[in-house]
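S.K.: Sharing a structure with you now.
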Amino acid sequence: MSDLSAILALPAFLMLLSVLIPADWANAKARQIRQLITGIAGTQFVMAFVIMAFYVVQMTLNTNIQPFNSVIQSSGTHLIFYDGISGLMFALVSFIGWVICRFSVRYLDGEAAQGTYFRWTGFTVGAVSFMAISGNLLLFVLAWIMASLGLHHLLVFYKNRPAAQRAAWTKFTVSRIGDAALAAALILIYVEFQTLNFSEIFAAISSQADQISPQVIWAGWFLVFGAIAKSAQFPFHIWLPQTMETPTPVSALMHAGIVNAGGYLIIRTSPLVSLTPTALTTLAIVGAFTACFAALIMLTQTSVKKSLTYSTIAQMGFMMLQCGLGAFSAAMLHILAHSLYKAHAFLSSGSVLEQNQAIKIIGEKRELHQVSWSKLGMLSVVVVCMFLLISSLFGINPTTKPGGILLGFVLCLALISWIGQSLQSASRQLFIRTSVTGVLLCFAYCIGFLSVDKIVAPSLPTVQTSTITWLIASVVLFGFGGMFMLTKIVVSPTNFKWLNIFYVHASNGFYIEPWLRHKFGTLAKE
């Protein structure tokens, strides 16, 4: 298996080497370059899928299957660390990277710098892929930095767009802050364990669980801080809404892949980070605030891409909340689902206006009725009870899986809104079809959660659910529930003056972002 795992790194390594191709030659041979990068990305996806399927089959037949490494014998460095976590992430990155390369072929057809674009896209996808399967923290950090540098070159692809340049340099500055935190964690971890190999660090932690040194505690704090900076958490989110001037495939790669790196960092290092419960609690609070803050702003945006951007910030906040609650399996499922959804959302953003126009025409032909609050309340009770019943059928215990249940209740809010819209149409057939789909989605969620948990659980620590954990989860549930109620008040016949004022403030990001952009922009210039 170690030889097989070494082969996994080959396509990623080849994509990293693509950056060595001279820019002028790449642009002159754009067709060959794009075929080469797309072919390597496709090959990596097939390999990742086949090996992941083999790993899952082995896990099913043998519950004691162990992670495997590819070791550089001369230095003892673990090049690859393949387990359920890295396998899922590698398969996800490989698939999204291949899809984006395929989409970019037609999207950038005719661009003078198309060859340059593909060499940097290949470099970025290769770096993220290598980060997913790295067996050594130093290699992980190097891949982390290379992915950031590759994304920077993609963000400044259009040299004649000042807004794109400003956004790229703001992001560059924020990323270096996260890099510094990660470098500090790396030094502390090496001082404590005398190794940077993940398998050896985790083995040392399990044997010394009762002896937590100050170095380990500080390392946990630095890892959390690095994840907050990388995954666009407040106040480090300000660069993401500015990146509207980049090519759409770059937005898809950024929102569906790279911005998830912070969450993956916490999940990958969860045996170490979980030794610092205060840091995890802080992460949960920051994630909860970011999720609610960004979701409010998202509801007021009129631009499709900007709305998707704030949706990403909110989703990253929710994912960090799950990590902070110790619900690492739910966070992993969140990464998988959000990445696939956001890649599709950005790559299909050009047709959103046409779809909305079609919906508007259908709406004009069909009379819509206002759903009463009593019906909405009854619907909410039915949907929540249905979800709890289905989750209990699968043996999901809310007291032991707070993160999974939290994500499930957010799914319930989405279903309530969706089924409520079908009630407005007064069409019994549409209501039945929507309700049946909602039930199937609940089943799909439970199956997905249990499947991901089965794959990644052997590599994750057990985090005790505390009172503060439930308090934070409850606050978030009330927050999202309040925003759901707010959307219903907006469409009600009653006009609230305070709501109009609130809308103006929210649409402008509560005026926090201009000040933060000025501060980070000044730092970027320096």
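Using the UniProt record's numbering, the first residue of the sequence shown is number 1, and each one after it goes up by one. Positions of the beta carbon are idealized from the N, C-alpha and C atoms, including for glycine. None of these values were measured; they are calculated from a predicted model.
(1) Could you give the DSSP three-state label for T434: helix, strand or coil?
(2) Cα separation between I228 and Q429?
(3) Checking the sheet assignment: what are the DSSP bridge partners for T290?
(4) Pull up the DSSP beta-bridge partners for S134, would you.
(5) Would you mind reading off the limits of the alpha helix (DSSP H) that contains L253?
(6) Drop a sphere of 10 angstroms on the beta-carbon of G115, count the other beta-carbons inside from all chains shown, and report buried for 16 or more, exposed for fewer.
(7) Does DSSP classify S197 as helix, strand or coil?
(8) Go to L333, then tell me how far its alpha helix (DSSP H) extends in each direction, as first and last residue.
(9) Can you grab the Cα-Cα spacing for the pair G438 / A203, in whole Å?
(10) Report yes if the CB atom of M319 is closer than 8 angstroms to the CB atom of I335, and no otherwise.
(11) Does the region 7 to 14 come into contact with the region 121 to 138, if we say contact requires no fewer than three beta-carbon pairs (one atom in each stretch) closer than 8 angstroms?
(12) For E192, does the three-state DSSP call read helix, strand or coil?
(13) Note down, in chain order, each residue of its chain lying with its Cβ closer than 6 angstroms to the Cβ of F103, except the 5 sequence neighbours on either side.
(14) Enumerate in chain order the residues of its own chain whose CB-to-CB distance from V273 is below 7 angstroms, with the five nearest sequence positions on each side excluded.
(15) Helix, strand or coil for A113 per DSSP?
(16) Taking 8 angstroms as the CB-CB cut-off, is N197 touching chain C?
(17) How do the region 281 to 299 and the region 150 to 158 stand: do at least 3 beta-carbon pairs fall below 8 angstroms, yes or no?
(18) Tell me the residue span of the alpha helix (DSSP H) that contains K305.
(19) Taking the alpha helix (DSSP H) that Y158 belongs to, which residues open and close that run?
(20) Considering only residues of the same chain and omitting the five flanking positions on each side of I177, which have a CB-CB separation below 6 angstroms?
(21) Tell me the rounded alpha-carbon separation between V216 and M316.
(22) Report all residues from its chain with a CB closer than 7 angstroms to the CB of A185; omit the five preceding and five following residues, and keep chain order.
(23) To the nearest angstrom, how far is the alpha carbon of I359 from that of S459?
(24) If you count every other CB in all the chains shown that lies within 10 Å of the CB of I37, and 16 or more means buried, which is it?
(25) Using three-state DSSP, classify A358 as helix, strand or coil.
(26) At the level of alpha carbons, what is the spacing between Q73 and S18?
(27) Are there 16 or more other CB atoms within 10 angstroms of the CB of W25, so buried, or fewer, so exposed?
(28) Going residue by residue through the region 25 to 61, where are the continuous alpha helix (DSSP H) segments of at least 4 residues, counting only ones entirely within it?
(29) I need the boundaries of the alpha helix (DSSP H) containing I217, first residue and last residue.
(30) Which residue marks the beginning of the alpha helix (DSSP H) containing L265, and which one marks its end?
(31) Going by alpha carbons, who is nearest to S251 out of K342, L407, N197?
(32) Using the rule of at least 16 other Cβ atoms within 10 Å of the residue's Cβ for burial, across every protein chain shown, is D83 buried or exposed?
(33) Distance check for S199 and Q44, CA to CA, integer angstroms please.
(34) Helix, strand or coil for L88, going by three-state DSSP, please let me know.
M.R.: Put simply:
(1) In the sequence shown, residue 434 corresponds to position 434, counting from 1. Helix at T434.
(2) Indexing the sequence shown from 1 puts residue 228 at position 228. Indexing the sequence shown from 1 puts residue 429 at position 429. Those two C-alpha atoms are separated by around 46 angstroms.
(3) Counted from its first residue, the sequence shown places residue 290 at position 290. In the DSSP output, where bridge partners are listed per residue, T290 has none listed.
(4) Position 134 of the sequence shown, counted from the first residue, corresponds to residue 134. According to DSSP, S134 bridges with I80.
(5) Along the sequence shown, read from residue 1 onward, the residue named residue 253 stands at position 253. Element bounds for L253: 248 to 256.
(6) Sequence index remark: in the sequence shown, residue 115 carries index 115 (1-based). Looking at its Cβ environment, which holds 16 or more other Cβ atoms inside 10 Å, G115 is buried.
(7) Residue 197 sits at position 197 when you count from the first residue of the sequence shown. Reading off the sequence, residue 197 comes out as Asn, not Ser. In this structure, N197 counts as strand in the three-state DSSP scheme.
(8) Within the sequence shown, numbered from 1, the residue matching residue 333 stands at position 333. Unbroken alpha helix (DSSP H) run through L333: 328 to 347.
(9) In the sequence shown, counting from the first residue as 1, residue 438 sits at position 438. In the sequence shown, counting from the first residue as 1, residue 203 sits at position 203. Cα to Cα, G438 sits roughly 43 angstroms from A203.
(10) Walking along the sequence shown from the start, residue 319 turns up at place 319. Walking along the sequence shown from the start, residue 335 turns up at place 335. Taking 8 angstroms as the Cβ cut-off, M319 and I335 qualify as a contacting pair.
(11) yes
(12) Taking the first residue of the sequence shown as position 1, residue 192 is located at position 192. Residue state, collapsed to three classes: helix.
(13) Walking along the sequence shown from the start, residue 103 turns up at place 103. Excluding positions up to five away in sequence, the list reads P249, L347.
(14) The count along the sequence shown starts at 1 and reaches residue 273 at position 273. Closer than 7 angstroms at Cβ, skipping near neighbours: G220, L223, V224, I266, A279, L280.
(15) Within the sequence shown, residue 113 is the residue found at index 113, counting from 1. Reduced to three states, the DSSP call for A113 is coil.
(16) The chain inventory of the structure shown lacks chain C, comprising one protein chain alone.
(17) no
(18) Position 305 of the sequence shown, counted from the first residue, corresponds to residue 305. Residues 304 to 324.
(19) Mapped onto the sequence shown, residue 158 falls at position 158. Premise fails: Y158 is in no alpha helix (DSSP H) and is neither H nor E.
(20) Counted from its first residue, the sequence shown places residue 177 at position 177. Once the five neighbours on either side are set aside, the close Cβ partners of I177 are A229.
(21) Along the sequence shown, read from residue 1 onward, the residue named residue 216 stands at position 216. Along the sequence shown, read from residue 1 onward, the residue named residue 316 stands at position 316. C-alpha separation (whole angstroms): 25 angstroms.
(22) Here residue 185 refers to the residue found at position 185 when the sequence shown is read from its first residue. Cβ neighbours of A185 beyond the five flanking positions: A219, F222, L223, G226.
(23) Stepping through the sequence shown from its first residue, residue 359 is reached at position 359. Stepping through the sequence shown from its first residue, residue 459 is reached at position 459. Because I359 sits at a pLDDT of 48, beneath the cut-off of 50, its placement in the model cannot be relied upon, and the following sentence gives the value as read from the coordinates. If you take the alpha carbons of I359 and S459, they lie about 46 angstroms apart.
(24) Here the question's residue 37 lines up with position 37 in the sequence shown. Counting Cβ neighbours within 10 Å, I37 comes out buried, since at least 16 surround it.
(25) In the sequence shown, counting from the first residue as 1, residue 358 sits at position 358. Confidence at A358 is low in this model, with a pLDDT of 48, below 50, so the placement of that residue should be treated as unreliable; the coordinate-derived value is given next. If DSSP states are grouped into helix, strand and coil, A358 belongs with the helices.
(26) Numbered from its first residue, the sequence shown carries residue 73 at position 73. Numbered from its first residue, the sequence shown carries residue 18 at position 18. Here the model assigns Q73 a pLDDT of 47, short of 50, so the residue's position is not dependable, and the following value carries that caveat. Q73 and S18: Cα-Cα distance of roughly 27 angstroms.
(27) The residue you call residue 25 lines up with position 25 of the sequence shown. W25 comes out exposed.
(28) 30 to 61
(29) The residue you call residue 217 lines up with position 217 of the sequence shown. Note, I217: alpha helix (DSSP H), 214 to 230.
(30) As a first step, residue 265 must be located in the sequence shown, where it is residue number 265. Counting along the chain, the alpha helix (DSSP H) containing L265 begins and ends at 261 to 268.
(31) Taking the sequence shown and counting its residues from 1, the one referred to as residue 251 is at position 251. Comparing Cα-Cα distances from S251 to each of K342, L407, N197, the minimum goes to K342.
(32) Here residue 83 corresponds to residue number 83 of the sequence shown, with the count starting at 1. That one is buried.
(33) Counting from one through the sequence shown, the residue named residue 44 turns up at place 44. Counting from one through the sequence shown, the residue named residue 199 turns up at place 199. Those two C-alpha atoms are separated by around 24 angstroms.
(34) Here residue 88 refers to the residue found at position 88 when the sequence shown is read from its first residue. Helix at L88.
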